[in-house]
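Heads up: the structure comes next, in structure tokens.
Protein chains: 2
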Amino acid sequence: ANVLGFAAVATTRSIATETLRPLDSFERRHNSATKEEEIEMAKYVGFDSMDALVDATVPTDIRRAGEMDMGEWTSPLSESEYLARFKAMASKNKVFKSYQGTGYYGTHVPPVILRNVLENPGWYTQYTPYQAEISQGRLESLLNYQTMISDLTGLPMANASLLDEGTAAAEAMTMCSAMNRGKKPKFLISDKCHPQTIAVCETRADGLGLEVVVAAESDFDYASNDVCGILLQYPATDGAVIDYSPVVEKAHAAGAKVVAAADLLALTVLRPPGEWKADICIGSAQRFGVPMGFGGPHAGYLATSHEYKRLMPGRIIGVSVDAQGEPALRMAMQTREQHIRRDKATSNICTAQALLANMAGLYAVYHGPEGLKNIADKTHALASIFAAGAKKLGFTPPTDPFFDTVSLGCPNGADAAVEACRAKGINIRKLDASRVAASFDETTTPADVDDLFAAMNGGKAPDFSVASLAGGVSPAIAPGHGLERTSPYLTHPVFNAYHSEHEMVRYLARLEQKDLSLVHSMIALGSCTMKLNSTTEMMPVTWPELANIHPFAPKEQTQGYQELFDALTEQLVEITGFDGMSLQPNSGASGEYAGLMAIRAYHQSRGDHHRNVCIIPVSAHGTNPASAAMVGYKIVVVGTDEAGNINIPELKAAAEKHKDNLAALMVTYPSTHGVYEDGIKDVCDTIHKYGGQVYMDGANMNAQVGLTSPGFIGADVCHLNLHKTFCIPHGGGGPGMGPIGVKKQLMPFMPNHPSAELDGAIVAGGETPFGVVSAAPYGSALILPISFGYIAMMGSKGLTNASKRAILNANYMAKRLEDHYPVLFKGKNGTCAHEFILDLRPLGDSSGVVVEDVAKRLMDYGYHSPTMSWPVSGTLMIEPTESESKAELDRFCNAMIAIREEIRDIENGAMDRENNPLKHAPHTASVVMGDEWDRPYSRETAAFPAPWVRASKFWPTNSRVDNVYGDRNLVTTHASVEVSAEETA
Amino acid sequence: ANVLGFAAVATTRSIATETLRPLDSFERRHNSATKEEEIEMAKYVGFDSMDALVDATVPTDIRRAGEMDMGEWTSPLSESEYLARFKAMASKNKVFKSYQGTGYYGTHVPPVILRNVLENPGWYTQYTPYQAEISQGRLESLLNYQTMISDLTGLPMANASLLDEGTAAAEAMTMCSAMNRGKKPKFLISDKCHPQTIAVCETRADGLGLEVVVAAESDFDYASNDVCGILLQYPATDGAVIDYSPVVEKAHAAGAKVVAAADLLALTVLRPPGEWKADICIGSAQRFGVPMGFGGPHAGYLATSHEYKRLMPGRIIGVSVDAQGEPALRMAMQTREQHIRRDKATSNICTAQALLANMAGLYAVYHGPEGLKNIADKTHALASIFAAGAKKLGFTPPTDPFFDTVSLGCPNGADAAVEACRAKGINIRKLDASRVAASFDETTTPADVDDLFAAMNGGKAPDFSVASLAGGVSPAIAPGHGLERTSPYLTHPVFNAYHSEHEMVRYLARLEQKDLSLVHSMIALGSCTMKLNSTTEMMPVTWPELANIHPFAPKEQTQGYQELFDALTEQLVEITGFDGMSLQPNSGASGEYAGLMAIRAYHQSRGDHHRNVCIIPVSAHGTNPASAAMVGYKIVVVGTDEAGNINIPELKAAAEKHKDNLAALMVTYPSTHGVYEDGIKDVCDTIHKYGGQVYMDGANMNAQVGLTSPGFIGADVCHLNLHKTFCIPHGGGGPGMGPIGVKKQLMPFMPNHPSAELDGAIVAGGETPFGVVSAAPYGSALILPISFGYIAMMGSKGLTNASKRAILNANYMAKRLEDHYPVLFKGKNGTCAHEFILDLRPLGDSSGVVVEDVAKRLMDYGYHSPTMSWPVSGTLMIEPTESESKAELDRFCNAMIAIREEIRDIENGAMDRENNPLKHAPHTASVVMGDEWDRPYSRETAAFPAPWVRASKFWPTNSRVDNVYGDRNLVTTHASVEVSAEETA
Ligand SMILES: Cc1ncc(COP(=O)(O)O)c(C=O)c1O
Ligand SMILES: Cc1ncc(COP(=O)(O)O)c(C=O)c1O
Ligand SMILES: O=C([O-])O
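These protein sequences, in sequence, are chains A and B. So in this note's numbering, spot 562 of the first sequence is number 562, and the numbers just go up one at a time. So in this note's numbering, spot 84 of the second sequence is number 1084, and the numbers just go up one at a time.
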């Protein structure tokens, strides 16, 4: 008898080995359409197949020849294979007990926040809250965050996060320069600031033409009358709590502004910088419940007084009203920002750290003022006991008061102490040859400190312990000491109501429910690539062996990260066609800046210090000119032709005209108009011919992967928005990562980081680096696994298919919609790239409807608007991505078509031009349920305009929000009643 | 200078060691009210303090003297301490690659389901969907599950889960007996059934007075004409796929019913039992994406034909219509169930396995029919290759066809093969002295099978591999073989639409959005203790070192679980005042059954076979009489007095009357009326005096912990609903755990399990066990950490405070509500226990309002109804638990009071008796938004009756659901059009 299963009666067959592969394959979960739908859609747009469409769309001269060869990552891993493989890799990290401090501390992420925010797609897949009416949850949460920053720093106005503490300091420096109208080029930095903060400021100053002087703050010299500002660390990097009042007085007397880099936890017990007259306060909210994550992502913060609101970088949440007069939140004073003011913007910040700011704000909500104070007191008490014990062990304790960080003179030198601790699984910080420091935090226990004593006592427990010492140590920041905090903080009810887990989980649920995210429907935002952020990609983000590592941990402990960076670099180098990568920039804009700094350093290395002209097409994203401004480049704008393509003759003429000083071209490909322009290679050649370098903006990389590459096209450097093409979720406005790929000639200039030398941490910078762009050596390292996992699970073919599907989906939608709204730009064969623009301007005349009306009306249909009025005012730019099914594309198109019919009713007079469902959109439940209804359309039309809406309605929280009112009456915290009567134009 | 922090200027103080404890303490997160609120509430109810209230409430003679001493668990651990401590404990489990099969298999939990269902409080904190209008999400999901079971088994009607495969078989046995009107006591079980299934049936038969005969199915003997049914395993436990048609024919000819225990994955490729005429099909849905978890929780399933619908155990979801004529789901034919039919019910099942049934159904939704078939084919292919390779290694392959499980004759005996594998981190199953078996599953990879070859080849790789063998092996279940499946399955669109992750995550979000859970508001269900299910408690449930362990893994590999069981037992023994525990029963009802079986065994051990009278108060939960019926007890019901207390004279009289045959009293304490009855000790003494044992129903344990205990009161045995008092979330109707505590005399009879002997697994049964009650030795072991963590993080004092707070909260609410609705029963000092009953019957006359109207109207206010009409018809029983803040209690009371005002409008004629907001409740968005509105109250009154509702509205999906219609027109699957025209009364 044949014993093999059913084979007894089977005709003899054999088993194909491929059929034994794991079946939890990822590509089909990510690339949503089925094969049948793919063919149907291709036919619909007039091609026999998806490949035929792609061949007609992507110019032949830039098509990649073969498949991508990503080495061992070429074939896809299944979801379970990936998790097992990456678990093994991550396990090579060694999680030591960390006392390294320097801006990064252990913290307990409250499990209720971990699970319901950081691990919840309802929160992490949200977009930046531009559409305020369907974003009130995170807007409230960000207002909590701003209120917390404002309360703790003692400065009335905070923004909704910056990228990290280092860049926040650099932004503050820029502000100081602007406060002095750019007339004072010198910025003084205390040598007691964190080394990475100093390094980031020095780099930034270089580009901006400012001069940084690092010195003891007591030696600050204002004699030359050219100091725009000073930076002080509070407490100092070595832990010292210093009364900076005399320093501040001197600075102010000299007309210099004062920036304090302050620790938020310390501010619960120390006099806040606002009270000792700092003009700006910056720092990191990391230790408020956000894991260290080898450096990020975390929210950098910045607070200042209302006086400087027009100079404030980044996004600011403000209070306004809606069409019903109800209070409503939205982003305030956008006129300062790069997307409006371009190279004149206050900063180049676009993606920031919204999700992490939310976590930090929610940490304060959960703990409340007393809870935070208790954490601070306990931290300080353990630090005090440690100092007493260390003294007994022969170490020299600090002479200044301290909060959480104790610096010690070492009897046998710093290295011996560091080594003794490391042998016991403990990291302390080396300050210099003879001094070390240990920073305590929320997670430190008495047992931990006893372990530290033992490590410092040659490996054996001393004859004292925390318990035995405690009674003899004076702990508290004493009443009467000039530095202790006396002012209240976090007095608003939101910080005093949700301290039980039930209250907290329900508060989180109420906020989440107000926010439309990818768990509800597609968010077809052109240029933003809101694709699937899969669970498997996200899972490692909360693994402790990745989350609980200090960014400056010595390299022997971070082999897991090292392997990750190497693997991701291998993948990205092949995908982009470059020779090397820097994983440091933690946003696209930061990548632009880093790339331009690399170009600048390259030119300088060749003696071309004069090359300072940067050509930028008029259609470029606002971050491009804003970044170019940050490296001191002179911007030459070139226009577009009728078809929306870059005007190549104009560009060539500009390049030739500026050939002696040409530094760079910044170009987006496919163009921001959603077209694969012919002639891009020619453009790159021209720039090279005139000695320039080509900076490619990689925002549209999702249309390139596997089909072409920036390197192949001719770019010299390009950033990748990993939070677009490579699946890092948008988080409601960050985190993101913007690593840059570069050609060989730029590799020597890649950014480095002081932690390599000071702490023995891994950093893959170039040999002659231009400087440092992020506070951490690998930016927001904790989220890099998301992109790595995506690439590993898609493999070379899957990634290429994703690009093709993205193009197919866009063309399918364009085709479905073009009879209803004109498609503004198309490529030569009548196709678009992975996104396309609908022109709504003609509707203004015919119906009075403007693009905002359509955007808001989409909410009634359960959809987030596509990108509004960018890159062309009065248009919608639609990018579906490959992750949306045909059913979802059709639903969205049906909504757009139904809205067009509603507009037709206005056009033909059946509906009033002002009193109609578009002008009144969005419709809240309160409005539609109101006892009064006097509109010329029905309640059902208002709320249930399409059948699928009835099956699952997403309710906007507010009616149309009034932006102008909010900017005229600026309120940016919960408590604030301060009102500014004028608009910032 | 004093160098210790700020001490330089501090007056000398010292640090108290307590202040150095971790600050992430749990009790304040769980026991919601603040100290100030506690005092305020105590005063409100007329006491100076919470303790004074408790002293006046709990009878002195049962008050525990000192604090609970739980050994090392007496002092609370902080959240982070607990996680670290338990991580260390759990890490002692060794996760071997498992091929042990026997009903438990590896599976990939789809990450999108893991994160968005199993790790999502929006799903796991739901209650059983009795309130259909706010439960349509999980009702749809359970209908998916029922449809899946029905399609795969080929039987038209499935229930919404049973506890596990073993008990499902026992339920089927009971059905067979009932189908034969109890006249045929014999049940034949094939010796090819899983050992634990046989054991559970044997035990169950014992209690029911049935006789189980285990034999080869070919030897089944019907000569005595007393066989009610037979049980066959498909495929057999050793893997054999047998054509049972001749066996079925013989059984049917003899009037016996046929039960098939079938593997769901196999049914995608094998002819389903319905097609070979089985009457009932049972099994486990574990391998459909639910981790093994050392035995559970998993959904057991049962399907049968419509003919037997009245005999079906457990909950059944059915289709009906709502007041608007819209389709609506709800639980069907509740008249079969214990809460209505008590000892005549089809089973004692109350809590089942809803969450796991949802996961399994969603697994099928995600994979679809093709995906499942691919998994089955791959599993079968690897099994086939394995058999071929094993043969080459000298093992004797099976002679019968097989699907996933390969039995092998071993050249050197079974032990040698098992040991050789174990040495390589692999578990295979020993069938008998000479045979082993290996079961393959979704997670098996070719590399795994190569490892297995190497292990079986003396530890070194043989000269062949899966890859080299594959081409020569005939894999498939061959067309033309009589056993392969030809019929389609899972053809409904729900199984064919959500295969991409975006579609799936949105489907899950849409379902979740329809279901009110604890993330929205308190669910004050009397007797159900819907307290906080904290994140920290839940986190370990998805740790791989707990989730991926086979329940029969040898004890050397499960030390982590062993320590958990020991620690939890230590905690619970002290809490309950008993001498020992059994952790096997996986629901409260199963605990009741186990406890009664222990009592029965105890009496029998003393020769008291005649003792069979069980006294049960009329106010008992339906599971009590239903369980008593299952052990063959004769039930004597005793009434209550006017005050709602057990009528003690009547009880004593009954005990005396039945003293010769008295087996047990079943009593709930505090009573189901929410009162600490005086005289409970006296009652227990009386029972003991007459030779009975006292079974205490532990559902109300939340009012005892730390204040008294069942053991102290005088009970001999008691189950604990860990899913009530000890924080296992309700999961929308399960999982739960119902371990029993017992006094010394009952300990020898505690249940055991065959895996102890057969597999070397850990099982803590007694010396003369009464049998086996669950398929797995520790029931749903994976969720035991939830209770363990709760106790460990609360500590002795925290737990006692929880009981006090629960009492305080109930009394506070009773006081706030008593002027509006009469409180039915109170204790002697005018207080209630942890719950209380509001009497709504008087409203019927005055206003026509019945309890259901109030329950449904509460939905409009954002609340789930309290327990309706139990234990007293026409009432609401309210149990707030300690986890609700005063603000939440007040909101709920305000809703109840506002509704009372609405009723007053009816009473005084201001509102119509039929056309009013209560009779029309709940109000859906569609109704309130309808273009027509002709009701005598406003839309705002309908939808926004209170201010907090406007801030965050929860919308019921349906208007009032018509239960009668659905039972008259029974439809229990998506596809089903079969309609039954009559009601099951
Ligand atoms: C074309 C383009 N360039 C640059 C950026 C800036 O990237 P980031 O937001 O990561 O700073 C964006 C972001 O939307 C973009 O669309
Ligand atoms: C008083 C009482 N006894 C027993 C039970 C049955 O417990 P389980 O649902 O776990 O089977 C319940 C469940 O609600 C109950 O309230
Ligand atoms: O679940 C209950 O039947 O109480």
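From the three backbone atoms N, C-alpha and C, an ideal C-beta is built for every residue, glycine too. In this text the structure is predicted, and so the values were computed from the model without any measurement.
1. Check the Cβ of asparagine 1374 of chain B against every Cβ in chain A and list those closer than 7 Å, keeping chain order.
2. Which residues in the same chain as arginine 1013 of chain B place their Cβ atom closer than 6 Å to its Cβ, once the five residues preceding and following it in sequence are excluded?
3. Report whether the distance from the Cβ of threonine 1881 of chain B to the nearest heavy atom of ligand 2 is below 7 Å.
4. Taking glycine 1622 of chain B and histidine 1339 of chain B to be in contact with their CB atoms under 8 Å, please state how far apart those CB atoms are, rounded to whole angstroms.
5. Alpha carbon to alpha carbon, how far is arginine 857 of chain A from proline 922 of chain A? Give it in angstroms, no decimals.
6. Just the C-alpha distance for glycine 1314 of chain B and glutamate 1171 of chain B, rounded to the nearest angstrom, thanks.
7. Taking its Cβ as the centre, do 16 or more other Cβ atoms sit within 10 Å of arginine 1115 of chain B, making it buried, or is it exposed?
8. Helix or strand or just coil, what does DSSP make of alanine 332 of chain A?
9. What is the residue span of the alpha helix (DSSP H) that cysteine 193 of chain A lies within?
10. Is any heavy atom in ligand 2 found nearer than 7 Å to the beta carbon of alanine 236 of chain A?
11. Between which two residues does the beta strand (DSSP E) holding arginine 600 of chain A run?
12. Tell me where the beta strand (DSSP E) around methionine 1666 of chain B begins and ends.
13. Give every residue of the same chain whose Cβ lies closer than 8 Å to the Cβ of isoleucine 687 of chain A, excluding the five residues on either side of it in the sequence, and list them in chain order.
14. Among the residues of its own chain, which have a CB less than 7 Å from the CB of isoleucine 1713 of chain B, if the five just before and after it don't count?
15. Distance, Cα to Cα, arginine 204 of chain A vs alanine 285 of chain A?
16. Can you tell me whether threonine 17 of chain A is helix, strand or coil according to DSSP?
17. Please go through the same chain and pick out, in chain order, the residues whose beta-carbon is closer than 6 Å to the beta-carbon of glycine 1591 of chain B, but skip the five residues on each side of it.
18. Could you check whether the Cβ of glycine 1588 of chain B sits closer than 7 Å to any heavy atom belonging to ligand 2?
19. Which whole-angstrom value is the C-beta distance of glycine 361 of chain A and methionine 148 of chain A, which I expect to be below 8 Å?
20. Tell me which same chain residues have a C-beta within less than 7 Å of the C-beta of alanine 1153 of chain B, skipping the five on either side of it?
21. Given the structure, does threonine 668 of chain A come close to ligand 1, in the sense that its CB is under 7 Å from one of the ligand's heavy atoms?
22. Would glycine 1827 of chain B and tyrosine 1676 of chain B be called neighbours here (beta carbons separated by less than 8 Å)?
23. Check for me: the alpha helix (DSSP H) holding leucine 758 of chain A runs from which residue to which?
24. For a test of your reading of the model: does the CB of threonine 1351 of chain B fall under 7 Å from any non-hydrogen atom of ligand 2? Yes or no.
25. Hey, does phenylalanine 944 of chain A have any beta-carbon neighbour from chain E nearer than 8 Å?
26. From the beta carbon of leucine 1532 of chain B, is the nearest beta carbon of chain A less than 8 Å away?
27. Run through DSSP, which three-state label would asparagine 1427 of chain B get?
28. Looking at C-alpha atoms only, which residue of A/Ala383, A/Pro411, A/Gly706 and A/His723 is the closest neighbour of serine 534 of chain A?
29. State buried or exposed for glutamate 537 of chain A, treating a residue as buried only when at least 16 other CB atoms are found within 10 Å of its CB.
If we stick to the structure as given:
1. Leu23
2. none
3. no
4. 4 Å
5. 6 Å
6. 9 Å
7. With 16 or more other Cβ atoms within 10 Å, it is buried.
8. coil
9. From DSSP, cysteine 193 of chain A is part of no alpha helix (DSSP H); its letter is neither H nor E.
10. no
11. First-last for arginine 600 of chain A: 588–605, but that is the alpha helix (DSSP H), not the beta strand (DSSP E).
12. 1662–1668
13. Ile615, Ala655, Leu662, Ala664, Leu665, Gln693 and Val694
14. Ile1062, Tyr1669, Ile1680, Lys1681 and Cys1684
15. 22 Å
16. helix
17. Pro1585, His1719, Gly1738 and Ile1740
18. yes
19. 6 Å
20. Looking at the sequence itself, residue 1153 of chain B is threonine, so the reference to alanine does not match. Apart from sequence neighbours up to five positions away, the residues of its chain that approach threonine 1153 of chain B with a beta-carbon distance below 7 Å are Ala1262, Leu1267, Pro1272, Pro1273, Gly1274, Cys1281 and Ala1303, ordered along the chain.
21. yes
22. It is a contact, given that the beta carbons lie within the stated cut-off.
23. 754–759
24. yes
25. The chain inventory of the structure shown lacks chain E, comprising the protein chains A and B.
26. yes
27. Three-state DSSP puts asparagine 1427 of chain B in a strand.
28. A/His723
29. buried
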